[in-house]
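> Got a structure for you, written out below as structure tokens; questions coming shortly.
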Amino acid sequence: MSTPATRPKRPPSTLGAFVTKEMHHILRDRQTLAILLLMPLVQVLLFGYALRTDIRDLRVAVVDPTPDVATLRLRSRLAATSRFRLLKVSTTTNVLPELFQRRTADVALVLPTSFAERMGRGDTAQVLLITDASDPNTGTTMQVYVRSVLADFERDFGGARPRAGAIFIAVASRMRFNPTLESANLFVPGLIALVLTLVSALMTAISLSREKELGTLEVLLVSPLRPWQIIVGKVVPYLVLGFAITCLVLTAARVVFSVPMRGSVTLLLAESVLFTIVSLSLGVLVAARTSSQRAAMLGALVGTMMPTALLSGMIFPITSMPGWLQPVTRVVPARWFIVIARGIMLKGIGLEYLWRETAVLAGMALLLLVAATRSFHAHLD
Amino acid sequence: MRILRFLLRKEYLQIFRDHFMVAQMLLLPCIQLAILANAATFEVKGARLVVVDEDRTSSSRGLIDRFVASRRFELVPSPISTRGADDAMLRREAGAILRIPTAFERDLVRARAAQVQLVLNAEDGAAAGVMLGYAQRIIADYAGELATTLPGVSASMAVTRVGQPTLDVRTRGWYNPELDYRFYMVPGILVQLVTMVGTFLTALNIVREKELGTLEQLNVTPVTRGQFIAAKLIPLWSLGLLGLAIGLAVARYAFHVPIRGSVLLVFGTASVYLLAALSVGLLVSTMVETQQQAMFVTFFIVLVYLLMSGLFTPVRSMPTWAQWIAQANPTMHYMEIMRGIMLRGAGLREIARHLAVLAVCAAAVFTLSVRQYAKRVA
Amino acid sequence: MTSALGERSIEVDGLTRRFGTFTAVDRISFDVAQGEVFGFLGANGAGKTTAIRMLIGLLAPSAGSARVAGYDVATHAEMVKRNIGYMSQRFSLYEDLTVRENITLYGGIYGLSDIAIEKRTTELVDRLDLRDDIDARVKSIPLGWKQKLAFSVAVLHDPRVVFLDEPTGGVDPITRRQFWELIYTTAATGTTVFVTTHYMDEAEYCDRVSIMVDGRIVALGTPAELKEQYEARSIDDVFVRLARAGTAA
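Residue numbers (our numbering), protein chains in the order written: chain A, 4 to 384; chain B, 166 to 543; chain C, 75 to 323.
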């Protein structure tokens, strides 16, 4: 990006040779290459199939001190609900701590004595619903499920008589852009960001600092190559690799999980190239600032991978984060890329809506490229 | 034994001389806990809500007030039309749209039932589910309130209550009554920490000696395979426990996460789990030649182990085949153990099954990795 | 060809190593006497390193046999390791440990007592003139010194045989000279020195040399014998002629 005035004739071919050499490095290390290609595929499969949050099999323990007609009806009602599995009926609550400790029960329903009698009289019967709330989300969801069964039971027991005083507000809800909350749809955009960060930032940082450690960087520096050409040579192969992997992930997501692609594929690919450039510059920056391979590795892990996984909204919604942490996420490139990727894939929107995020990414790319080239220069002196 | 003493001294010297490593050991637990404990939550606060109020009555305003009062939602100074709301969602300015149709109040009074529409931006899947839950609760509570306040019905209330059996459901969330998500995440983060330290440091440490050629030098000496492995694993094992101790201290005193069970048991089970983690690192080191490769292979393995461990999503929500795979995952068992001890105050008896599986896993991986490690090439 | 010096510390008979279909070392046979300085020459890729790795017990032979310090390398590799020293072409002391710590480590590994380690350390730093640097990290001392140090550590336990794989790569001529003085001192105490080198002038210092081409030993004898046999003025000439013949074949 510097000295446009003195453009020598040689560099294009020199640069070409250099890029070829880097490409050979990558292709020759079969093990790393295999992992780079395998990892995104395994992740797509895991995220799509295995990582779900819906609860399908709820194990319910019932404490029924005095079994009677009503409790039997309630129990069979629970048993008949496909989501529930009636685990154990006991007469005392003593068994509950053990059941929860051993994680054999998720929910316990404690019924009062003489349940049928109270219900028959039209009294209020107190029911205690205990959930294992160590995981608060699951705990809350389970409560909701059991409560709805109890509400049904209550209505049925009261017979056809409507509760005259009651008011009912129905909620017609719609999950826009992902009606079934398919986890593959949610994770694939984030996954692309994660894999691109891995390939570009981490790989570049390690490979550059490795050359630094081995002293081969010195050799390159005394060659007619200009610093920016060395950077470009280092970076272009990973750009190509990143592009290939993006296509791979998208194809896998499409074929296996039918993840939608409502917007323009071209735009998405262009945006992912932009994001790759940002990550690559980060990688170069990390390598220039650290002295050993291990330091570069750690720097890249803590500086790029961790924020991409945790602070990008990929898994955990940014709106859920505490106030001081939310502004921090603004400097994480993946945050912007994920908004873009989700927008294109799930919402089918284009640049008219995403220009702001794109501008942020482009700005980051420019800034980081300059910073990376500069710190690389500094390393030479 | 004498040789082992010399080797151990060398390892400890090298570890503590590497200031970078020491700093990493001390800082990583703190950074990870600080970020993860705060970021890793699905709770939703202040979701941006666009209201399209077509009714404009006291009832509809009441409902909007309830949404705002819950503090779960934040009202976006709203565009009036449905189309405007739609656009806001496309621009990510709205997380949810609540549409209250005309005749909302009239229906409530006349038919004692009405409908509202709620559209959620499910792009952020987890958040959308949680928001729906909040909204449903707010609306239900409001309906309950209206039942007594809405004119024209209070008289009949007393009458109908008689002869109408009701269930008074009290709920209690054991182990985490405040529903603090951090209590749940922190033990998981500690597990992740121990896993990373165990596998990465072992693999990188050994492969580094391979790269430098010092490993070959050792292989030409009378140092036996057992001595070498012991000299490598013992320091890293103690380092893993040190990392855990730091993490536990930060969790306890900075985040006030409870440790309800025995601390001794935490460290005892960590010792067993570390053996498995270290062995994975050792196994990786036998398969690769460079630190870069070691890093990638380990990263890949650890990622799969962690995702399949229930760190972020419950194991019981996985499909059956995945649950079977998870059963063979030592990280999953250790995750159960840590959450059991820290949150539920589980004792040895309660975690016995997981511990047994963990011990078997550790023994198996250890044996395999020791067998793979050869002083010479056949 | 057995030397007159008596007991043989290395006996190699038909030693072969194959990697798949490629034969890296092809039926080599030779003996080295106790206390002899034996030069093991060959071009890059001739199979020297593979042969050494078999002799020091890092690589199992495909066929043939070799006894080092009286033990069979195929069946008693660990016994061989107790009785040899090894210095590889890559510098392989721990750079992040001090001179003293490196000596102590290897002394301990070879079973020297604490007193013996103490005594050896003093002797060694005196001889190498490293007294001021004894508590300095190895990383910080010059390459020539590092190499001499590595050699001294390799013979710390008075091994019967010491294997040196291109020990003088990249050091200046003066240091190389000093290095060879160390080798002679060691050989004088009865330790066999088995050395590979690229420097043909160094080959002239050896009691006997062998020259390896394409996995085979094509010449073996004292430098004087070889020069006479090939009517050459130096070992360098002998080497070039043999190596060229090998690649042409």
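Even glycine gets a Cβ: it sits at the ideal position worked out from N, Cα and C. Computed from a prediction, not measured in an experiment: that's the story for all the values here.
Nearest-angstrom Cα distance between Met460 (chain B) and Val467 (chain B)?
Per the coordinates, the alpha-carbon of Met460 (chain B) lies some 10 angstroms from the alpha-carbon of Val467 (chain B).
> So which residues on chain A does Pro479 (chain B) lean against when the C-beta distance must stay under 8 angstroms?
Thr56, Ile58, Asp138, Thr141
> With C-beta atoms as the reference, is Thr95 (chain A) less than 8 angstroms away from Val66 (chain A)?
yes
> Spell out the partners DSSP gives Lys91 (chain A) in its beta bridges.
A:Ala64
> With a threshold of 16 other CB atoms inside 10 Å of the CB of Ala323 (chain B), please say whether the residue is buried or exposed.
For Ala323 (chain B), the pLDDT reaches just 39, beneath the cut-off of 50, and the residue's location in the model is therefore unreliable, leaving the point undetermined.
> So if DSSP puts Ile262 (chain B) in a beta bridge, which residue, or which two residues, is it bridged to?
BP columns for Ile262 (chain B) point to B:Val215, B:Val284.
> Helix, strand or coil: how does DSSP classify Met286 (chain C) here?
strand
> Report the residue from B:Ile262, B:Val356, B:Thr478 whose alpha carbon sits nearest the alpha carbon of Tyr438 (chain B).
B:Val356
> So Lys175 (chain B) packs on Leu294 (chain C), CB below 8 angstroms; how close in whole Å?
Incorrect: roughly 40 angstroms between the Cβ atoms, too far for contact.
> Is the beta carbon of Leu198 (chain B) sitting closer than 8 angstroms to the one on Ile354 (chain B)?
Taking 8 angstroms as the Cβ cut-off, Leu198 (chain B) and Ile354 (chain B) qualify as a contacting pair.
> Which class does Asp135 (chain A) belong to by DSSP, given the choice of helix, strand or coil?
strand
> So if DSSP puts Tyr189 (chain C) in a beta bridge, which residue, or which two residues, is it bridged to?
The question names Tyr, but residue 189 (chain C) is Ile in the sequence shown. DSSP lists no partner for Ile189 (chain C).
> To the nearest angstrom, how far is the alpha carbon of Tyr538 (chain B) from that of Ile180 (chain B)?
22 angstroms
> For Asp275 (chain C), count the other beta carbons within 10 Å of its own beta carbon; 16 or more makes it buried, fewer makes it exposed. Which is it?
With fewer than 16 Cβ atoms within 10 Å of its Cβ, Asp275 (chain C) is classed as exposed.
> Can you tell me the Cα-Cα spacing of Ala137 (chain C) and Gly88 (chain C), whole angstroms?
7 angstroms
> Given a cut-off of 8 angstroms on the beta-carbon distance, is the pair Val215 (chain B) and Val241 (chain B) in contact?
yes
> Anyone know if the C-beta pair for Val111 (chain C) and Cys280 (chain C) falls short of 8 angstroms?
yes
> On the criterion of 16 or more Cβ atoms from any shown chain inside 10 Å, does Gln56 (chain C) qualify as buried, or is it exposed?
Because chain C here runs from 75 to 323, residue 56 (chain C) falls outside it and cannot be looked at.
> So, using beta-carbon positions, are Pro352 (chain B) and Leu508 (chain B) closer together than 8 angstroms?
Yes. Within cutoff.
> Is there contact here, the stretch 147-158 of chain A with the stretch 17-25 of chain A, by at least three beta-carbon pairs under 8 angstroms?
no
> Can you look up Tyr52 (chain A) in the DSSP assignment and give me helix, strand or coil?
helix
> Since Phe237 (chain C) sits in a beta bridge, which residues does DSSP pair it with?
C:Tyr160, C:Phe268
> Short check: CB of Val147 (chain C) to CB of Met128 (chain C), under 8 angstroms?
yes
> Does the stretch 317-335 of chain A come close enough to the stretch 265-279 of chain A to have 3 or more Cβ pairs within less than 8 angstroms?
no
> Inspect the beta-carbon positions of Gly412 (chain B) and Leu471 (chain B) and report whether they are closer than 8 angstroms.
no
> Report the residues of the stretch 201-221 of chain B with a CB closer than 9 angstroms to any CB of chain A, ordered along the chain.
Leu201, Asn203, Ala204, Ala205, Thr206, Phe207, Glu208, Val209, Lys210, Gly211, Ala212, Arg213
> Classify Arg277 (chain B) as helix, strand or coil using the three-state DSSP reduction.
coil
> Look at the alpha carbon of Asp183 (chain B) and the alpha carbon of Leu429 (chain B), and state the distance between them as a whole number of angstroms.
Answer to the nearest angstrom: the Cα atoms are 30 angstroms apart.
> Is the stretch 344-353 of chain A touching the stretch 190-205 of chain A, taking contact as three or more C-beta pairs under 8 angstroms?
yes
> What are the boundary residues of the beta strand (DSSP E) that Phe96 (chain C) is part of?
Here the beta strand (DSSP E) through Phe96 (chain C) covers 96-107.
> Can you find a C-beta in chain B that's less than 8 angstroms from the C-beta of Val174 (chain A)?
yes
> Looking at chain B, is there any beta carbon in it that lies within less than 8 angstroms of the beta carbon of Thr134 (chain A)?
yes
> For Asp289 (chain B), does the count of other Cβ atoms within 10 angstroms reach 16, so buried, or fall short, so exposed?
Residue burial annotation: Asp289 (chain B) is buried, with at least 16 other C-beta atoms found within 10 angstroms of its C-beta.
> Cα separation between Ala312 (chain A) and Ala374 (chain A)?
If you take the alpha carbons of Ala312 (chain A) and Ala374 (chain A), they lie about 24 angstroms apart.
> Using 8 angstroms as the threshold, is the C-beta distance between Val289 (chain A) and Ala368 (chain A) below it?
no
> For a cutoff of 8 angstroms on Cβ pairs, would you count Arg80 (chain A) as touching chain B?
no
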